[in-house]
Structures are given as structure tokens and as C-alpha cells.
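**Q**
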Amino acid sequence: MKDLYIAKTFAGLEEILAQELRDLQIEEVEILNRAVSFRGDLRDLYTANYWCRTAIRILKPIADFPAEDELALYKGIRSIDWSQLIGLEDTFAIDCTLSNSKINHSQYAALKTKDAIADQFVFKFKERPNVDVVQPTLRASIFIQNNHCTVSLDTSNISLHKRGYRVSAGSAPLNEVLAAGMILLSGWDKKSHFVDPMCGSGTLLIEAALIAMNVPPASYRNYFGFLNFKDFNAELWKEIKIDALAKQRDFDFKIVGTDLAAGMIAVAEKNIKSAHLKNEIQLEQVPMQEFTPPEGPGIIVCNPPYGERIQTRDIVELYRAMGDTMKRKYGGYSAWVISSDIIALKQIGLYPSRKLELYNGPLECRFEKFEIYEGSKKEKYKSFESSDKRDVDRPKGPSYRRKDDWDREGKNTKFKGKTKSEWDLDSKEREQAKARRQESDERKPRRTDTDSGEEKSSSTTKSRPPRREFDRSKDRKSNRPYSDKKDGGSSYDSKSRGPRKEFDKSDYRKSSKPYSDRRDEGSSSSPKPKREVKKFTREIRERKSDSDKSGVNTTYYPKGRPPRKRIPKKPDND
3 MKDLYIAKTF AGLEEILAQE LRDLQIEEVE ILNRAVSFRG DLRDLYTANY
53 WCRTAIRILK PIADFPAEDE LALYKGIRSI DWSQLIGLED TFAIDCTLSN
103 SKINHSQYAA LKTKDAIADQ FVFKFKERPN VDVVQPTLRA SIFIQNNHCT
153 VSLDTSNISL HKRGYRVSAG SAPLNEVLAA GMILLSGWDK KSHFVDPMCG
203 SGTLLIEAAL IAMNVPPASY RNYFGFLNFK DFNAELWKEI KIDALAKQRD
253 FDFKIVGTDL AAGMIAVAEK NIKSAHLKNE IQLEQVPMQE FTPPEGPGII
303 VCNPPYGERI QTRDIVELYR AMGDTMKRKY GGYSAWVISS DIIALKQIGL
353 YPSRKLELYN GPLECRFEKF EIYEGSKKEK YKSFESSDKR DVDRPKGPSY
403 RRKDDWDREG KNTKFKGKTK SEWDLDSKER EQAKARRQES DERKPRRTDT
453 DSGEEKSSST TKSRPPRREF DRSKDRKSNR PYSDKKDGGS SYDSKSRGPR
503 KEFDKSDYRK SSKPYSDRRD EGSSSSPKPK REVKKFTREI RERKSDSDKS
553 GVNTTYYPKG RPPRKRIPKK PDND
């Protein structure tokens, strides 16, 4: 009887993991969201854990039940007989994932699951097993989605991305599962050179060597979750490991890695030595601009800095220099670059032929492919002489396109990425619209020309009504001088404002008036003689002098009130 298993992976690697399982002769493979389900026996379970490069964990579901709240979760976990899976001397750990659940805290759900398991053992044996989150005997996975809980056993226990060969890491190490997925997504045929010009801790180089030599990624591990299961078959597990040794092969091309930092080269050397691949991988401490790649066809898979964990002075200039170096030195290679900085990725200066979305931890990244030609792209296509390639001499255009011009996915980027069926459907719709327009033109009634009486067909040329002629002589304005009398015969005279009135500006000239005392005068219009002004100023001067002598303020204010006193500002020191 075959059981159901679920292999978890990263977003964007589901197709690669499904193809890996099919290559292992595993049946009933179905792609899920960041996971792939399959059915198999114990051999299939052991083989998947040992050979899958893009799987993180492989789970075995054992129960499912509704869990609308923590009480329902507790009762559902308590209903499972955990004594058949672990003993009192064993340890266990709980991993929990929530999706659209009323229980909104995964750690709280894991705590309730742990309490239910411990209470069951205490009720039966008056004792309970301990919890070990690092390397437990049994690791259970709780997945609650839409208030429905699925309980699974983790057959891997420790995540499969921990291969066992990494003994040292840099500041931003690449996940081993993601590195293997990038290489498999690139379509490397293992019959050409592999170059990583920014190798870092050497993860891409080691994964490429394991793929090229057909070495199982988990061959460095000695611990899996299924080793502690009650139904573990040691002889079957030993047979699978022996068969894997017979499937290994040699690699005749070069795997080369370079890096500018001497410390990263030392870290990569330690990891390569731990993986026993020192003779298969070459390392050089040299900038990418000064490195000369091996001649012949090859592939570049690169994980440059994003500017997130590894800071650079000018990340745009780094990507621009990387693109210039690819154009000059890597002719005939195909380059795959992953980065979360989309703006810097465009500075490479090459047109990407493929764009894929991947996640490097929480960072959403773009994985793009660049074809590097020796010379121009036009000369490359002109040199093709086989019939299955593009014919340059034939006319261009959608009506001359052949079946072999469309790619494997049935798309053509030259026509906005439409498939062939969509393009044919659009052409049919255009022809039908053209036929409908012609039919509507033929059904229109024919019109006659009123001037000549000759009939004109609307289907050939659109007949227009005779042009109306206007007598513009009546609309012209007559140039004549202004007159006092209005003439009613002209439309212009009816709107005229009459004869222009001549004004005498002497009447409106304002007489210059001297300064006057408005308090004494009844009217401000009458001028005041100069002698009175002198008398007024003399009186003010005399009153001021009298007030100074007597000490009484008898100052006369022309406006009837004293000026406002100004309070001095306080100094800033106060």
C-alpha cells in the first residue's frame, strides 16, 4: 500500500521538484503551492530524501480534523495515539504553520499541541517525554488552513538544505536548495564549463559539481527522521545508498569560481575540502574583469551582491562592469544572474531572454538569462544555414511567418508575446470586421448631387453635399470715418458706440494744494496760505517749549492721540 507524502520547496521550484520525483520513478506526482505531493512506499520515501536537490522537507500526513479554536486543536491532537510513535525516553518537537486561521499565532498553536501530547502521556504513564528543538527523535508538523488542521510527521527531521558539507559560511550564504534549483532551472546539460565569477562561500560550485557527477545531495548526512520510525527498514536504506554509488560518473569539463575577497576564497576552500571536491573545482582570487574564462561553450550562474546584507560602494557600477566583462570575454556563454535589485539588474546592458521569479529568503528576486554572442546577434542568425533556422532573405511580417518561428511554448516575443492561436484568432477577427464594414457600406442608400443631378455610389467614394457659397461682401466692414449720425443699413453701424467725445484734460488736472490744517478748516478743498502754515508750526513749537519748562505734557497732536509706546524687547540672555 502506497502512502501520501508532501515534499516542501521554495516558490518557483515546484516544477523542478516534480520533475526530480518523476526521474526517480515516483508516481502520482501533483504540484501544490510551494510543495509537491506524491504517493509511494518506503523505498520511494528513502529515495526522495536521499536524492531530491530542491526539497526542503518531506512530510507524511497522519491525521486531519477541523480546528476552529485552540480547544478543537487540543482535542484533535489528543485523539492521536502518540505512544505508538515515540516512547518516554524519546524527544519530540513541533513545527506549526498557519494560513487563514482563527488561531493567529503559530507559536501558541505549537504550544497547545505540545500540551496535548504531554497530557496524553501523563494520563497514561504518569510521565511525559522531553522536548528537543535541535535534533529530536520525532518532529511533527502542524498545518492549519481555513480552520482545518493537518498533522504530519517530518521524515527529514532536519531541513534537507543542510547537506552536511558546509563547515564555514560568509556574511550572506546562499541556500543550498535555492542554489541547486537555480542550476537546474538554467538547463545546464553538464557538457560545458561552469563558471561562478562571484562564488562567495562556494555553494553554487559545490552544487554544480554534485549535479555534474550525479552525487546524491544528502550523501554527507547521517541523520534523517525516518531512521527513528517504528517501521524503518535498515536493509532497504543500505541498498539505496549502495545503488547511488554505482550511479556516479566523471565530469570532463571545468568548474571554476573566482572572488575578489581573499577571506571568501578561504571559506570556499574549506567547504570544497569538506565535500571532497578539491580536484573537481578550481578557485582563483581575482576580479571578474581580470579573469579569463575557459574557451569553448559554457554557462555562468552568478549570485552578485544585492545591497541588502552585503553593502557595496556603487552597486550600479558593479552590475555595469559585470555586463561589460561578459560582452568582452564570455562570448559563446549563457549567463544566469539572480538579484533582488531590479534597477541594478538592468544596468548589465544585455537583453534577458528569460525572466523567472525566485525567493532568496524573504527577498523577492529576479533570475534572468542573458545570451552572450561572439559578435552581433544579426551575424549569428545570418550564419545559420540549416532549414530549421530563421530565413533572413524572406520578407518580414506576420503573413510570411512559418511554424518553426514560434518557440517551444508557442509564443513569439516579436508580436507582444502572443501565442500562434491568439495571433490567428486576431487575424480572423480583423478579417470579419473588414467584411462587416464592406457589407454596411454596400447597404447604405445612394445619394444624389443636387447641383449636377448625377448619382454617386457611397460604396466607392463617400458623396458629400454641395458646398454652400456665402456672399462675404455683406460681411465686410466698410472703412469709413466716425460720424455722429448712425446709419441703419450696416450691421457695423448698429453696434457702434457713437462719435468719439473729445475731453478737455485741463478740467481734470488737480491743483497742487499746500499743507492745510483739516481741524481748523471746514473743507479740505480750500488752500491755506503759507503764512498760516508758518503760524501753525510756530504755535506747536511754542507749546512744546512751554511744556518743557513747566514739566506738564501739553503736547499737541495733530491726529488727536499720542503715539503708541513701544515696549523694548527683553534680551536673549533672560
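In this note's numbering, the protein residues as written are 3 to 576. Just so you know, even glycine gets a beta-carbon here, dropped at the ideal spot from N, CA and C.
Would you list, in sequence order, the uninterrupted beta strand (DSSP E) runs of no fewer than 3 residues that lie entirely inside the region 274-332?
**A** DSSP runs (the beta strand (DSSP E)) wholly in the region 274-332: 283-287 and 300-304.
**Q** Quick check on DSSP: helix, strand or coil for Arg49?
**A** As written in the sequence, residue 49 is Thr, which differs from the Arg given in the question. Three-state DSSP puts Thr49 in a helix.
**Q** In the DSSP output, which residue or residues are listed as bridge partners for Arg59?
**A** Lys10
**Q** Measure the C-alpha to C-alpha separation of Glu366 and Ile208 and round it to an integer number of angstroms.
**A** 24 Å
**Q** Residues bridged to Gly42 by DSSP?
**A** Asp5
**Q** So for Glu366, helix, strand or coil by DSSP?
**A** strand
**Q** Would you identify the three-state DSSP class for Phe67, choosing helix, strand or coil?
**A** strand
**Q** Judging by CA-CA distance, which residue of Asn148, Lys62 and His278 is the nearest neighbour of Ala142?
**A** Lys62
**Q** Arg55 to Ser429, Cα distance in whole Å?
**A** In this structure, the alpha-carbon of Arg55 lies about 46 Å from that of Ser429.
**Q** So within the region 207-253, which uninterrupted alpha helix (DSSP H) runs reach at least 4 residues, ignoring any that extend past its ends?
**A** Here the runs fully enclosed are 236-248.
**Q** Thinking just about the alpha-carbon of each residue, which of Pro138, Leu162, Phe255 and Glu70 is nearest to the one in Phe231?
**A** Considering only alpha carbons, the answer is Pro138.
**Q** Restricting to Cα atoms, I'd like to know which of Asn235, Leu162, Asp316 and Ile244 is closest to Ala346.
**A** Asp316
**Q** Quick check on the DSSP output: what are the complete beta strand (DSSP E) runs of length 3 or more inside the region 152-202, in order along the chain?
**A** Runs of the beta strand (DSSP E) inside the region 152-202: 195-198.
**Q** Measure the beta-carbon distance from Thr115 to Ile79 and round it to whole angstroms, keeping in mind my assumption that it falls under 8 Å.
**A** 5 Å
**Q** So Val136 is in the alpha helix (DSSP H); what residue range does that whole segment cover?
**A** Looking at the DSSP string, Val136 is not in any alpha helix (DSSP H), and its letter there is neither H nor E.
**Q** Measuring only the C-alpha atoms, how far is Glu72 from Asn177?
**A** 35 Å
**Q** Which residue wins for smallest C-alpha separation from Ala277, given the options Gln287, Leu206, Ile344 and Gln349?
**A** Leu206
**Q** Report the three-state DSSP secondary structure of Glu22 (helix, strand or coil).
**A** helix
**Q** At least one CB of chain D closer than 7 Å to the CB of Ile542: is that the case?
**A** As a matter of chain content, chain D is missing from the structure shown, which is built from one protein chain.
**Q** Kindly identify the DSSP beta-bridge partner or partners of Cys98.
**A** Bridge partners of Cys98 according to DSSP: Ile144.
**Q** For Gly265, which three-state DSSP category applies?
**A** helix
**Q** Please report the straight-line C-alpha distance between Cys98 and Glu286, rounded to a whole angstrom.
**A** 44 Å
**Q** With a CB to CB cut of under 7 Å and the five nearest residues on each side skipped, what residues in its chain are close to Leu212?
**A** Pro219
**Q** Go ahead and pull the three-state DSSP assignment for Arg36.
**A** DSSP places Arg36 in coil when its eight states are reduced to three.
**Q** Could you give the DSSP three-state label for Ser355: helix, strand or coil?
**A** strand
**Q** Residues in the same chain with beta-carbon distance under 8 Å from Leu90, minus the five sequence neighbours each way, listed in chain order, please.
**A** Correct list, in chain order: Phe123, Phe127, Glu129, Arg130 and Pro131.
**Q** Using the beta-carbon count (16 or more within 10 Å), is Ile33 buried or exposed?
**A** exposed
**Q** Could you give the C-beta distance for Gly298 and Ser221, rounded to a whole number, given that I count them as a contact under 8 Å?
**A** Their Cβ separation, rounded to whole angstroms, is 30 Å, which puts Gly298 and Ser221 out of contact at 8 Å.
**Q** If you compare alpha carbons, which of Arg41, Glu70 and Gly14 is closest to Gln27?
**A** Arg41
**Q** How is Tyr361 classed by DSSP in three states: helix, strand or coil?
**A** For Tyr361, the three-state secondary structure derived from DSSP is strand.
**Q** Tell me where the beta strand (DSSP E) around Ile340 begins and ends.
**A** Tyr335 to Ser341
**Q** Relative to the alpha-carbon of Glu271, which residue among Thr294, Tyr332, Gln250 and Ala171 has its alpha-carbon at the smallest distance?
**A** Ala171
**Q** If you drop the 5 nearest sequence neighbours on each side, which residues of the same chain put their C-beta closer than 6 Å to that of Gly351?
**A** Gly325
**Q** Check for me: the alpha helix (DSSP H) holding Leu347 runs from which residue to which?
**A** Segment Ile344 to Leu347, the alpha helix (DSSP H) holding Leu347.
**Q** To the nearest angstrom, how far is the alpha carbon of Tyr225 from that of Asp252?
**A** 27 Å
**Q** So, with DSSP's three-state summary, where would you put Gly204?
**A** coil
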